[in-house]
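Engineer:
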């Protein structure tokens, strides 16, 4: 088990070289320079990165418009990331993959059913095409039904079960109960587990 000190670069956030992992969120239709600055800082300092591709939108309702929208957005972020790593830092995709992974969408349970999330997760997995490890989940409000569904039905579309330890984790007993539940789920479906928000 490893525990990293995380920094969050969520749209307009910032980080420092003291962190050991940065979640860098990219939102469709909006990729402000600060996010790419966080990528540059992470590449310079070899800080682990979790690139979060999120369906929040700029000037429109949240959600992926269609398959083409998700594929185009995903490819634009990945192409820029891979190119930047190699052209500016001499980091090949193989080396980049050792300290950078992806996670799919943030708290999408607010707008999608588990079935809809799974549909878009499969498209995302197909577009990434094994270039990076993929985390899935990031569901708010301790939505165990969503986590169980994606593990059972879409288990081949991701490597890492990304959990949010917020609502429903307020007491020692809830922490112990939830930690066991998620650990058992990850073990059952042979997934690594990671906390992406707490």
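In the UniProt record's numbering, the protein residues as written are 1 to 198. Positions of the beta carbon are idealized from the N, C-alpha and C atoms, including for glycine.
Please report the residue range of the beta strand (DSSP E) in which residue 25 lies.
Structural biologist: The sequence position of residue 25 within the chain shown is 25, counting from 1. Residue 25 -> beta strand (DSSP E) spans 21-28.
Engineer: Three-state secondary structure (DSSP) at residue 198?
Structural biologist: The residue you call residue 198 lines up with position 198 of the chain shown. Note: residue 198 maps to coil in three-state DSSP.
Engineer: Answer with buried or exposed for residue 18, where buried requires no fewer than 16 other C-beta atoms within 10 angstroms of its C-beta.
Structural biologist: For the purposes of this step, residue 18 is taken as the residue at position 18 of the chain shown. Under this definition residue 18 is an exposed residue.
Engineer: Is residue 62 closer than 7 Å to residue 24 when the C-beta atoms are compared?
Structural biologist: Stepping through the chain shown from its first residue, residue 24 is reached at position 24. Stepping through the chain shown from its first residue, residue 62 is reached at position 62. The answer is no: Cβ separation not under 7 Å.
Engineer: Using the beta-carbon count (16 or more within 10 Å), is residue 90 buried or exposed?
Structural biologist: Your numbering for residue 90 matches position 90 in the chain shown. Answer is exposed; the Cβ neighbour count stays below 16.
Engineer: Less than 8 Å between C-beta atoms, sequence neighbours within five positions excluded: which residues of the same chain meet that for residue 188?
Structural biologist: Counted from its first residue, the chain shown places residue 188 at position 188. Excluding residues within five positions, the ones whose Cβ falls inside 8 Å are 151.
Engineer: Would you check if the distance between the CB atom of residue 120 and the CB atom of residue 70 is smaller than 7 Å?
Structural biologist: The count along the chain shown starts at 1 and reaches residue 120 at position 120. The count along the chain shown starts at 1 and reaches residue 70 at position 70. In this structure, residue 70 lies closer than 7 Å to residue 120 by Cβ.
Engineer: Mapping DSSP to helix, strand and coil, what is residue 115?
Structural biologist: For the purposes of this step, residue 115 is taken as residue 115 along the chain shown, with counting starting at 1. In the structure shown, residue 115 sits in a helix (DSSP, three-state: H, G or I).
Engineer: Take the Cβ of residue 175 as the centre, count every other Cβ of all protein chains shown within 10 Å, and call the residue buried at 16 or more, exposed below.
Structural biologist: Taking the first residue of the chain shown as 1, we reach residue 175 at position 175. Exposed, by the Cβ-count rule.
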